[in-house]
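Structure, as structure tokens:
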Amino acid sequence: MRTRGAATWLVAVSLVLTGCSTGNDEPEAEPSPAETTSTPSATSAAPETDPPALDPDDPALDAALSRPVADRVYPAVGDPGVDALHYQLDLTWIPKSETLDAVETLTFRATEDAEEFQLDFGKTLTATSLELDGEKTRFRERGKDLVIRAPVRADQRYTLEVRYRGTPRPVAAPTTRDDFSTVGWAITDNGETWTMQEPFGAYSWYAVNDHPSDKALYDFTLSTRSPWVGVANGKLQSRRQAGGNTVTDWHLDEPAASYLVTVAFGNFRMTTERSSGVPLTYWTPRGDQSALRSVRVAGEELDWIEKRLGPYPFSSLGFVVVDSNSGMETQTMITLGNTDYTLSPSVVVHEVVHHWYGNQVSPRDWRDVWMNEGMTMYLQLLWDAQHFGIPLESMLSDVAAQDSEMRASAGPPANYDPATFGEGNIYYPPALMWHQIRRRIGDDRFWSLVRAWPRSRDNGNAAYADITAWWSRKTGQNLRPLFDQWLLSETSPPFQA
Ligand SMILES: [Zn+2]
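Following my numbering, the numbering of the sequence shown begins with 1117 at its first residue and continues without gaps.
Here it is, written out as structure tokens:
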């Protein structure tokens, strides 16, 4: 997630820079040869019937095997008894009645013997039928929990089909930030939709084990009134017209945590191009040239990031620009609010960097969200320093001057107040910490380890003990006291720019 900009100079600089591109009234330019607004060639091969059901024992699903845990910060979400492997989400959005009509097919592994299991599931959604391995099964909705009353055996795999409908509503976010107060599915005044759902809230629109320790593969079939279109994570497989609706199929080929899943329905225009061999796709509001111009810095920025972090770790990268005030690193399809700040080059860099730090390797639970934001913020600060011509040392000193205030208001980065999720304390103090580690071990060693860590945990999760032990082992130095001082202390450690 992007920071709300606790360092005021950062916001100011970003606003100034993007201020020149806010004229929205110019007509849409003709697409240049490098881009296309047509549907991809896969369109003609669009499947007219449902794909065959997945075999739960297909070894391809092993990529999504996880070790789910209970969350220490937000224990009300997730069920460690469920290891979701694959979600097939067939979603039809009816803007006029604000109704989501859905068929979800979840393939999962039970992690333990149990008489029942549960998924997180929005209170405003109604399940109309559930089938476990093709047999109708009993269930009840208890608050936000969908409890499935069927015995499961440890390490057996199952297929659960859930049919549901309703108007998804976002849920209260555990935060004091000013750019969002709810998480989950949002509906705009004209019936368009988008979602941002960190640290939870995916359950506002589908039945999910809503916890970062349980990554899963995804396929989506999205249908809505033409010319609107549904956008989701992964690659667009096909796009077709059916009964006045646009239907799109999306495939995410590497597992994602539920907070990194995105779906948006709206009047989007698609623009494609390539960077470093990675296909880039921009979904921007039709007629909004300004938004498109802003996000197209991504190609150049991706090149800059790859020089530091190594090759982009996924097979595609897209952006969808929605009516939000925030930005989110949703996996391979970044969701950005349509504001000057959230479309600024700094925020675009930030969300792309998360694909290494946060998406390729994710925290095992929410205590360690600093692992995402600390390194991402450090890279963003480096980029800002270079881009705005401000010495890095002076930027870091400005940030360090605010360290104690951030700790005082929201707690230490790795032991924060659960009611203040996503405050400056999880971004800036850990960024300063990485700078101290860089000074201690030198540039070459530092950058080679920064590149190696996400690869060593490709598509997995890590906890505090894992990352601190790994850095100590790789450097041959006991860095644990330094990590503890920066991440667990109520008071600011000494900082050297
Ligand atoms: Zn972030």
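Ideal placement from N, C-alpha and C gives every residue a C-beta, glycine not left out. Since the model is a prediction, treat every value here as computed from it, not as a measurement.
Item                                                                                                                                                                  : Value
With a threshold of 7 Å, establish whether the CB of Thr1492 neighbours any heavy atom of ligand 1.                                                                   : yes
With DSSP as the reference, please indicate the residues paired to His1202 in a beta bridge.                                                                          : Thr1223 and Leu1333
Looking at the structure shown, is Met1312 part of a helix, part of a strand, or coil, going by DSSP?                                                                 : strand
Which runs of the alpha helix (DSSP H) spanning at least 4 residues fall entirely within the region 1541-1609, listed in chain order?                                 : 1544-1557, 1559-1572, 1580-1591 and 1596-1604
Looking at the structure shown, is Pro1461 part of a helix, part of a strand, or coil, going by DSSP?                                                                 : helix
Judging by CA-CA distance, which residue of Pro1529, Asp1533 and Ala1547 is the nearest neighbour of Ser1513?                                                         : Ala1547
Buried or exposed for Arg1385, going by 16 or more other Cβ atoms inside 10 Å?                                                                                        : buried
Excluding five sequence neighbours on each side, which residues of the same chain lie with their C-beta closer than 6 Å to the C-beta of Asp1335?                     : Gln1204 and His1367
How should Glu1417 be labelled, buried or exposed, when 16 other C-beta atoms within 10 angstroms of its C-beta is the threshold for buried?                          : buried
Does ligand 1 have a heavy atom nearer than 7 Å to the CB of Arg1279?                                                                                                 : no
If I follow the unbroken alpha helix (DSSP H) through Thr1492, where does it start and stop?                                                                          : Trp1486 to Phe1504
Since Leu1512 is in the alpha helix (DSSP H), which residue starts that stretch and which ends it?                                                                    : Leu1508 to Ala1516
Just verifying my parser: in three-state terms, what is the DSSP assignment at Thr1455?                                                                               : coil
According to DSSP, is Gln1234 part of a helix, a strand, or is it coil?                                                                                               : strand
Between Ala1613 and His1466, what straight-line distance do the alpha-carbon atoms span, to the nearest angstrom?                                                     : 21 Å
With a floor of 3 residues, list each beta strand (DSSP E) that falls wholly inside the region 1407-1441, ordered by position along the chain.                        : 1433-1438
Using the rule of at least 16 other Cβ atoms within 10 Å of the residue's Cβ for burial, across every protein chain shown, is Pro1507 buried or exposed?              : exposed
Pull up the DSSP beta-bridge partners for Gly1383, would you.                                                                                                         : Before going further, note that residue 1383 is Asn rather than Gly in the sequence given. In DSSP, Asn1383 forms no bridge with anything.
Please state if the CB of Arg1273 and the CB of Thr1223 are separated by a distance shorter than 8 Å.                                                                 : yes
By the DSSP assignment, the beta strand (DSSP E) with Glu1521 in it spans what residues?                                                                              : Run containing Glu1521: none in the beta strand (DSSP E); it sits in the alpha helix (DSSP H), Asp1519 to Ala1526.
At a threshold of 7 Å, does Glu1489 count as lining ligand 1 (C-beta to nearest heavy atom)?                                                                          : yes
On the CB-based measure, 16 or more other CB atoms within 10 Å of its CB, does Asn1454 come out buried or exposed?                                                    : buried
Go ahead and label Glu1314 buried or exposed: buried means 16 or more other beta carbons lie within 10 angstroms of its beta carbon, across all protein chains shown. : buried
Look up Glu1539 in the DSSP assignment and say whether it is helix, strand or coil.                                                                                   : coil
Assuming Met1444 and Met1117 are in contact, meaning their beta carbons sit under 8 Å apart, how far apart are those beta carbons, in whole angstroms?                : 6 Å
Short of 6 Å in beta carbon distance, which residues of its chain neighbour Thr1119, apart from the five on each side in sequence? Order them along the chain.        : Tyr1543
Using a Cβ-based criterion (distance less than 7 Å to any ligand heavy atom), does His1551 qualify as near ligand 1?                                                  : no
Are the beta-carbon atoms belonging to Gly1300 and Gly1317 less than 8 Å from one another?                                                                            : yes
Can you tell me the Cβ-Cβ gap for Gly1346 and Leu1338, rounded? I've got them flagged as a contact below 8 Å.                                                         : 3 Å
Which one or two residues does DSSP pair with Lys1351 in a beta bridge?                                                                                               : His1367
Using DSSP with H/G/I as helix, E/B as strand and the rest coil, what is Ser1182?                                                                                     : coil
Is His1470 a contact residue of ligand 1, with contact defined as CB to any heavy atom under 7 Å?                                                                     : yes
I'd like to know if Glu1606 contacts chain C, where contact means its C-beta is closer than 8 Å to some C-beta of that chain.                                         : Absent from the structure: chain C. Only one protein chain is present.
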